[in-house]
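Protein chains in written order, with the working numbering: chain B, 3 to 216; chain Z, 6 to 317; chain Y, 51 to 582.
Every residue gets a Cβ at the ideal spot worked out from N, C-alpha and C, and that includes glycine.
Report on one structure; see the data block that follows.
Shown next, in the form of structure tokens:
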């Protein structure tokens, strides 16, 4: 699939079959991703039920402003990647490349802002296992909150980073003219993945940033 | 069970269900094996026999062997659940023995303070409730002769109950893998006649568990904050057990054994309304056996059973 | 090979270098790579089992120390579950046959398929490294807080190994799902697929949706050990039962990962040996899907005495009874398929009938464990050990070996020695029962599992079991001998040496690299035998 004319891999009969396989493959992969994150959300739910006060007070440590900006950035990036596909479907190329690069840039912006948050947490010493200096009756339960917060956001951040890399590859390939309105499966599949990254954040944000602030 | 005695009140009922299922399974196995054998012989390759035609009644047959097993399973389920609810519900007159499991030994504490290690003395006819906790990893009290088994968790009480019916000495196993000497973490349950058990208790008497708890209450300095004359604003504990405690976060909890245990080890988790979360955790400072004694004391503190010998 | 003999080109002759194997994208060669590597792990796990039976031959712990024994059964469990049973049928027979059975040239993602094997090998390296460095003693279940805070053995290495091999399993499942959905040849609609393909579909769903839960849970264990934080440790505010819920949410469906493919294989073996259409094809399909779906809802029956709420246990108990219904349907349908058949008793059929018998015993004893009141006494005893070995060894391994025999001519182009194969199959059945039936009795009498030494009243039953394990070991070694012999001296196989139906039997043995010279067109359902 790296020549300008769409080529079919040898195990497939035709391009339509290949396209079906790639799309279904990505959906199946997304299903497994949901279960990966599902474990973390389930653990969060159980611990929250066990220690409602600790979780409420710990979630006040998160930075609602930065989290809000991150949410906006990610939502915008989903919009730009969708526009990029629209442009390729209409036969465009330059705008699509620009939009894909913007999406990747937004992804990087998300990671940078999140890095700032981690740095603030480091200064506030609420990173379990690395620098954790909370005291008080609820300290050990709050640590569970921060632990889950870090595992979840780091795992999500890893997905964002992979997504950024994929988006850049797609931008290069779009520029080379690999995609045409009839054939742009890889691009669609990448966009699907990026939307998942977005959707997961839609759950992370309220659970870790908003619940307990009332 | 060929050499496993039925030594508790519900052992016979458990075995009844076991043998019923064994009989049912045997019927099913023999039925299927016989059918297979008959077909296998009758329709073996090379034998001249009518093989013509296809079955046109598949749906009916399939429904029969879907619904009949389903109905049977449902019946067994109901039987089993009814028995199981009995096995899980200790009678009101059960006497409580506290159990602490740790790598790799069992500690038992009788209501009147007798302590035993790896051996448990009980009397026939007296329902016993074991209230159990682990000090490290998950263990499990298993007494096959009584048909009881229950995991023993760290940080949480679990319980099981039985009424011994036959005197004798029975195996007690740890049935949840707990590390190197898992297979040696066990002992025996000695079931005595009521008279014999009374004699045993008398000869092993020490201060009751609650008495030990009162001493610990002073030794660990609990009294410094929780006694009536204290200057610290801490909850009074008289008559606390069994009452409903309003918490700082608006919930209400029943002050049961679990609550008292957690209030000592994790005081910040359920702070009583109107009090600041001042109390430090005693998790690493008191072992589970001492917590049991403290809880036993808190259960009688401020009641007329507080000083048992004087009150009687 | 005799130089005079003309060997037609096949996937086996398509490149002879090591590189042509290790960089292959051919599903058939990848299947062979898996077959070789899981055989290695099977014997590794088998050696551990033999050591355990040696230790348990006498009540005292006299052969090895308690610590060594604990590491031995942990290694046996980890290797047999994740490095043999779970990949066994799907990754070898499934990889080899699935594309052929639906008339495809290959799986949908051949490179991913090869990558899965490399993941498997990487996971295996970690596990073997753990063994060489001194082993791990948590049991294959990794119960917390023992595994997180108390065990001083190489938990991390094992956890990483299993984590990695989990991805191999996820990707294989994903590959199969997409292959079955998109790669079926003309005319191969859903209800013309052989039951083996249906079982691969069911098992792939389970692999894809259950394994991520295990992987994430293991990652949390690793993080807990590294950072000293306890989601699963009550001393740090966590909940050990949460771990058990997560673990069994994967590990109960994992049982169906092992047994569903076995059911698929046995359906093929029985129809082929009986030369008759399977009885109740549609019900067989629904029961596969039923087992795969309900399999996700019964995990709590592992936790009846673990401290789980009584009401949760009641729900899990009824669901566990319900999942036995589709299994019963399958046993009855296999039996009914024999009726008016033309039954040949080759080695594959002996394995298949052995499977049905042992699976039935394993399934019925499963009902004892689903009944909460009986489970209290039986769980964590040898009754459970016997029960799941009847399903996994008596069931899955018998079916796997039966399948290897049945498709051996297709895979290698050579016939094996029928007499030796029948002898091994019967020996296996007898040896298996002698090894594991006494364990039911020991368990019903209360003997706890994972015991290094045990009270002497269980001595006789354990002697029987250890004696049986010698026969069982012999019956596993025998096939290695006559299969190797067959590779060199076996008679050449025709396209369809058994005279049976199925797309895989329409191509040469061994098949050419792309399976079919002309894509087959399917006009009828599977097992279209002519009934006189």
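- In this structure, residue 155/B and residue 116/B form a Cβ contact; the two beta carbons are roughly 7 Å apart against a cut-off of 8 Å.
- Under the 8 Å Cβ criterion, the segment 433-444 of chain Y does not count as touching the segment 113-125 of chain Y, having fewer than three qualifying pairs.
- Excluding residues up to 5 positions away in sequence, 555, 556, 557, 558, 559 lie with their Cβ nearer than 8 Å to the Cβ of residue 545/Y in the same chain.
- Of the residues 506/Y, 401/Y, 482/Y, the one whose Cα lies closest to the Cα of residue 492/Y is 506/Y.
- A contact is defined here as three or more CB-CB pairs under 8 Å, and the segment 221-236 of chain Y meets this definition with respect to the segment 23-33 of chain B.
- Within chain Y, no C-beta atom comes nearer than 9 Å to that of residue 110/Z; the closest sits roughly 15 Å away.
- Between residue 166/Y and residue 221/Y, the C-beta spacing is below 7 Å.
- Taking a C-beta cut-off of 9 Å against chain Z, the contacting residues of the segment 407-422 of chain Y are 407, 410, 411, 414, 415, 417, 418, 420, 421, 422, listed in chain order.
- Under DSSP, residue 190/Y shares a beta bridge with no residue.
- Only residues of its own chain outside the window of five on either side were considered, and among them 562 have a CB closer than 7 Å to the CB of residue 59/Y, listed in chain order.
- In this structure, DSSP gives residue 11/B a state outside helix and strand, which the three-state scheme calls coil.
- Taking a 10 Å sphere around the C-beta of residue 251/Z, we find fewer than 16 other C-beta atoms and assign the residue as exposed.
- A buried status is given to residue 211/Y, since no fewer than 16 other beta-carbon atoms sit within 10 Å of its beta-carbon.
- In this structure, residue 123/Z keeps its C-beta atom at 7 Å or more from the C-beta atom of residue 137/Z.
- Within chain B, the residues placing a beta-carbon under 7 Å from that of residue 272/Z are 139, ordered along the chain.
- The alpha-carbon of residue 168/Y is positioned some 33 Å away from that of residue 179/B.
- Take residue 187/Y, set aside five residues on each side of it, and the residues of its chain with a beta-carbon closer than 7 Å to its own are 117, 120, 121, 124, 201, 203, in chain order.
- In this structure, DSSP gives residue 512/Y a helical state, which the three-state scheme calls helix.
- For residue 33/B, the enclosing alpha helix (DSSP H) covers residues 17-52.
- In this structure, the CA atom of residue 519/Y is about 18 Å from the CA atom of residue 405/Y.
- If you draw a 10 Å sphere on the C-beta of residue 232/Y, you find 16 or more other C-beta atoms in it, and that means buried.
- With its beta carbon less than 7 Å from one in chain Y, residue 45/Z belongs to the interface.
- Those residues of the segment 483-515 of chain Y placed with their C-beta closer than 9 Å to a C-beta in chain Z are 491, 494, 495, 496, 497, 498, 499, 500, 501, 502, 503, 504, 505, 507, ordered along the chain.
- Residue 441/Y and residue 111/B have their C-alpha atoms some 53 Å from each other.
- Contact with chain Z is absent for residue 399/Y, since none of that chain's Cβ atoms lies less than 7 Å from the residue's Cβ.
- By the CB criterion at 7 Å, residue 119/Z and residue 293/Z fall outside the cutoff.
- The alpha carbon of residue 184/Z has as its nearest neighbour, out of 190/Y, 267/Y, 259/Y, 253/Y, the alpha carbon of 190/Y.
- Chain B has a Cβ within less than 7 Å of the Cβ of residue 254/Z.
- Rounded to whole angstroms, the Cβ separation of residue 280/Z and residue 238/Z is 6 Å, and the two are in contact under 8 Å.
- With fewer than 16 other Cβ atoms inside 10 Å of its own Cβ, residue 54/Z counts as exposed.
- Residues of chain Y with a Cβ closer than 8 Å to the Cβ of residue 176/Z are, in chain order, 496, 505.
- Around the beta carbon of residue 500/Y, 16 or more other beta carbons lie within 10 angstroms, which makes this residue buried.
- For the segment 289-300 of chain Z, the set of positions with a beta-carbon nearer than 9 Å to some beta-carbon of chain Y reads 289 in chain order.
- For residue 123/Z, no alpha helix (DSSP H) encloses it, and the DSSP letter there is neither H nor E.
- Short of 8 Å from the beta carbon of residue 17/Z, and not among the five residues preceding or following it, lie these beta carbons of its own chain, in chain order: 11.
- The beta carbons of residue 214/Z and residue 265/Z sit no closer together than 7 Å.
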